[in-house]
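The listed protein sequences correspond, in order, to chains C and L. Its first residue numbered 1, the first sequence is counted upward by one per residue in our numbering. Its first residue numbered 225, the second sequence is counted upward by one per residue in our numbering. Yeah, the Cβ is synthetic: ideal placement off N, Cα and C, and Gly gets one too. Step one of this worksheet: look at the structure below.
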Amino acid sequence: MPKQHTVAPFSVFSLGAFFLSQLVFPVHAAALMGFEDSAMLMTEIGRYNQEWMLNYSPALGQAIGVEQMRMSGKGEHATTITGINYTGLIKRWNLPSAQANIWFNGSVGEAKGQYDGFAYTPSVQFDMESTRLYFLAKARMIRAPGMNYDTAAVQSGFSFYEAGFDETQPWFVIEAKTMRNNDPGLQVTPALRLINKNYFLEFGVTNPWQGEGFAPRLNAMFVF
Amino acid sequence: MKKLLITLMLTVMAPAAFAVTTLKAEVNGMVCAFCAKGIEKKLKALPEGQAAFVDLKSRVVAFQLKDGQTLTDETFNKVIQDAGYSVTKVERVSQTVAEIQAQLAKSGKEGGK
């Protein structure tokens, strides 16, 4: 059993508080599902984590799909979790020029690789966004027998300018994320995000930002 | 005299027959095009529609009806609400969607302009 190492949650909360303190009003979009009767494809390709999910939303606030995620801890072989995923909108606040959401998301499935067996990944996400500012906080359990890759993350960002509905809007976003048994324990990823009505693309680089540890990361979402 | 009466009747009726009706809503919660795409897609799927327009900055959703078509405010509201947003005000205006767009662009309220 590899030695577990964790980053104190305090550092994540401190970063979150710092980002919040820098914002007049927190901001933009990380919808975990499309609109009613739509399908959404999401993917993350990075050095530390690869993941894709395809879900279908039969009704507002509900989506079901399939998810596959692959990750490896410090000094470990990779583990792949394949499962059925559910996303639920717990609460939404629609404000005049902003929106806030609380989401539940989770998969149940099978882990294979370094760890094998029944896997589950429940998570809770809170996000607030306007057309110019964005904040997100997320906690996720990623468990299988003998495996604990629990994560906590905060993201914050701003758009360079307000865009029309048919235009592409560029954002600068920075994420701080901890994952148990991963190296580095605190992953910081500054990223450029492009949002269009048809796609959501984000390209960032996770620390360390040079040498052998150079770790580019791509996130993409498409809704059909 | 008969021709005069017909001409008068046509003159009176013509503006009504070709009047533009656009439903215009003020919407809360629209902050990103990727998330609000559902509104446009659902409105464009309605057979009564001539054109649809979503603007994030002014928080406006406009839906121009085809000539002779009708749509209740409730149906219009439901499309927006089912996409996850809140309608705070709906009005019927005689402007086309293009005219509303131009007006917003002129007043500097349309996003990206």
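Cβ separation of C:Gly88 and C:Gln62, assumed to be a contact under 8 angstroms, to the nearest whole Å: Here residue 88 of chain C refers to the residue found at position 88 when the first sequence is read from its first residue. Here residue 62 of chain C refers to the residue found at position 62 when the first sequence is read from its first residue. Contact holds; Cβ gap of about 6 angstroms.
Residue nearest to C:Met69 in terms of C-alpha spacing, selected from C:Gly211, C:Arg143, C:Ile102: Translated into the one-based positions of the first sequence, residue 69 of chain C becomes position 69. Residue C:Arg143 is the option with its Cα nearest to C:Met69.
Exposed unless 16 or more other CB atoms sit within 10 angstroms - verdict on L:Lys302: As a working note, residue 302 of chain L is residue 78 in the second sequence. Exposed, because fewer than 16 other Cβ atoms sit within 10 Å of the Cβ of L:Lys302.
Residues in the segment 269-288 of chain L having any Cβ partner in chain C nearer than 9 angstroms: Phe277, Val278, Asp279, Leu280, Lys281, Arg283
Distance CB(L:Gly253)-CB(C:Arg92) smaller than 9 angstroms: Locating residue 253 of chain L in the second sequence gives position 29, counting from the first residue. Locating residue 92 of chain C in the first sequence gives position 92, counting from the first residue. Cβ distance < 9 angstroms, so L:Gly253 and C:Arg92 count as in contact.
Short-range partners of chain L found in the segment 119-136 of chain C, where Cβ spacing is below 7 angstroms: Glu129, Ser130, Thr131
Cα-Cα separation, C:Phe200 to L:Cys259: Here residue 200 of chain C is taken as the residue at index 200 of the first sequence, counted from 1. Here residue 259 of chain L is taken as the residue at index 35 of the second sequence, counted from 1. Computed Cα separation, rounded: 10 angstroms.
Boundaries of the alpha helix (DSSP H) in which L:Val321 is found, first to last residue: Position 97 of the second sequence, counted from the first residue, corresponds to residue 321 of chain L. 321-331 is the extent of the alpha helix (DSSP H) around L:Val321.
Beta-carbon separation (whole angstroms), C:Gly113 vs C:Asn85, contact threshold 8 angstroms: Reading the first sequence from its first residue, position 113 is the one you call residue 113 of chain C. Reading the first sequence from its first residue, position 85 is the one you call residue 85 of chain C. Between C:Asn85 and C:Gly113 the Cβ distance is about 19 angstroms, and since that is not below 8 angstroms, they are no contact.
Beta-carbon spacing of L:Val321, L:Ala286 below 9 angstroms: Here residue 321 of chain L corresponds to residue number 97 of the second sequence, with the count starting at 1. Here residue 286 of chain L corresponds to residue number 62 of the second sequence, with the count starting at 1. Against a cut-off of 9 angstroms, the Cβ pair of L:Ala286 and L:Val321 comes out as a contact.
C:Glu67 vs C:Glu51 beta-carbon contact at 9 angstroms: In the first sequence, the residue the question calls residue 67 of chain C occupies position 67. In the first sequence, the residue the question calls residue 51 of chain C occupies position 51. Yes.
Delimiting residues of the alpha helix (DSSP H) encompassing C:Lys74: Against the first sequence, residue 74 of chain C aligns to sequence position 74. First-last for C:Lys74: undefined, no H or E at that position.
Distance, C:Asn196 Cα to L:Val255 Cα: Along the second sequence, read from residue 1 onward, the residue named residue 255 of chain L stands at position 31. Along the first sequence, read from residue 1 onward, the residue named residue 196 of chain C stands at position 196. Rounded to whole angstroms, L:Val255 to C:Asn196 spans 12 angstroms at the Cα level.
Check whether C:Ala220 and C:Thr82 have beta carbons under 9 angstroms apart: Counting from 1 along the first sequence, the entry for residue 220 of chain C is found at position 220. Counting from 1 along the first sequence, the entry for residue 82 of chain C is found at position 82. No, Cβ-Cβ distance for C:Ala220 and C:Thr82 is not below 9 angstroms.
Chain C within 9 angstroms of L:Lys265, Cβ atoms only: On the second sequence, residue 265 of chain L is found 41 positions in, with the first residue counted as 1. Yes, its Cβ sits closer than 9 angstroms to a Cβ of chain C.
Partner residues on chain C for L:Phe258, Cβ-Cβ distance less than 8 angstroms: Along the second sequence, one-based indexing puts residue 258 of chain L at 34. Going along chain C in sequence order, the residues near L:Phe258 (Cβ under 8 angstroms) are Ala29, Ala31, Ile195, Asn196, Lys197, Asn198, Tyr199, Phe200, Met221, Val223.
Selection from L:Leu280, L:Arg283, L:Glu272 that minimises the alpha carbon distance to L:Lys290: As a first step, residue 290 of chain L is located in the second sequence; it is residue number 66 there, counting from the start. Here the closest residue by C-alpha is L:Glu272.
Of the listed residues C:Leu192, C:Tyr161, C:Gly34, nearest to C:Leu54 (C-alpha basis): Locating residue 54 of chain C in the first sequence gives position 54, counting from the first residue. It is C:Gly34 whose Cα lies nearest to the Cα of C:Leu54.
Closest Cα partner of C:Glu76 within the set C:Glu202, C:Asn181, C:Ala152: Within the first sequence, residue 76 of chain C is the residue found at index 76, counting from 1. The option with the nearest alpha carbon to C:Glu76 is C:Asn181.
Under the three-state DSSP convention, the category L:Asn301 falls into: Within the second sequence, numbered from 1, the residue matching residue 301 of chain L stands at position 77. Note: L:Asn301 maps to helix in three-state DSSP.
Residue from L:Leu280, L:Val317, L:Val278 whose Cα sits closest to the Cα of L:Asp297: Along the second sequence, one-based indexing puts residue 297 of chain L at 73. Looking at the Cα atoms, L:Val317 is the closest of the given residues.
Residue-chain proximity (C:Gly46, chain L), Cβ-Cβ < 9 angstroms: Within the first sequence, residue 46 of chain C is the residue found at index 46, counting from 1. Not one chain L Cβ lies under 9 angstroms of C:Gly46.
Limits of the beta strand (DSSP E) - the one that C:Glu202 falls within: Sequence index remark: in the first sequence, residue 202 of chain C carries index 202 (1-based). Note, C:Glu202: beta strand (DSSP E), 199-206.
C:Ala163, enclosing alpha helix (DSSP H) - first and last residue: Within the first sequence, the letter at position 163 stands for residue 163 of chain C. Note, C:Ala163: premise wrong, no alpha helix (DSSP H); not H, not E.
Host alpha helix (DSSP H) of C:Ile142 (start-end): By one-based count along the first sequence, residue 142 of chain C stands at place 142. Looking at the DSSP string, C:Ile142 is not in any alpha helix (DSSP H), and its letter there is neither H nor E.
Inter-residue Cα distance where the pair is C:Phe25 and C:Gly204: Here residue 25 of chain C is taken as the residue at index 25 of the first sequence, counted from 1. Here residue 204 of chain C is taken as the residue at index 204 of the first sequence, counted from 1. For C:Phe25, the predicted structure reports a pLDDT of 29, less than 50, and the residue's modelled location is therefore unreliable. The matter cannot be settled from this model.
Candidates C:Gly117, C:Ser130, C:Ser123, C:Glu110, of which the one nearest C:Ala100 by Cα: Numbered from its first residue, the first sequence carries residue 100 of chain C at position 100. With distances taken between Cα atoms, C:Ala100 lies closest to C:Ser130.
Among C:Thr79, C:Asn148, C:Leu41, C:Tyr56, nearest to C:Asn49 - alpha-carbon criterion: Position 49 of the first sequence, counted from the first residue, corresponds to residue 49 of chain C. Checking every option, the nearest Cα to that of C:Asn49 belongs to C:Thr79.
Chain C contact for L:Asn345 (CB, 9 angstroms cutoff): Outside the shown range of chain L (225 to 337) lies residue 345 of chain L, about which nothing can therefore be said.
With 16 other Cβ atoms within 10 Å as the buried cut-off, status of C:Trp103: The count along the first sequence starts at 1 and reaches residue 103 of chain C at position 103. Buried is the call here.
Coarse secondary structure for L:Ala257, derived from DSSP in three states: Locating residue 257 of chain L in the second sequence gives position 33, where the first residue counts as 1. Looking at L:Ala257 - three-state DSSP - the assignment turns out to be helix.
Identity of the residue in C:Tyr120, C:Leu186, C:Arg217 nearest C:Pro145 by Cα: Looking up residue 145 of chain C in the first sequence gives position 145. When each option's Cα is compared against that of C:Pro145, the closest is C:Tyr120.
C:Asn94 burial status per 10 Å Cβ neighbour count (16 or more: buried): Here residue 94 of chain C corresponds to residue number 94 of the first sequence, with the count starting at 1. C:Asn94 is buried by the Cβ-count criterion.
Sheet register partners of C:Pro216 (DSSP bridge): By 1-based counting over the first sequence, the position of residue 216 of chain C is 216. DSSP output for C:Pro216 lists C:Val205 as bridge partner(s).
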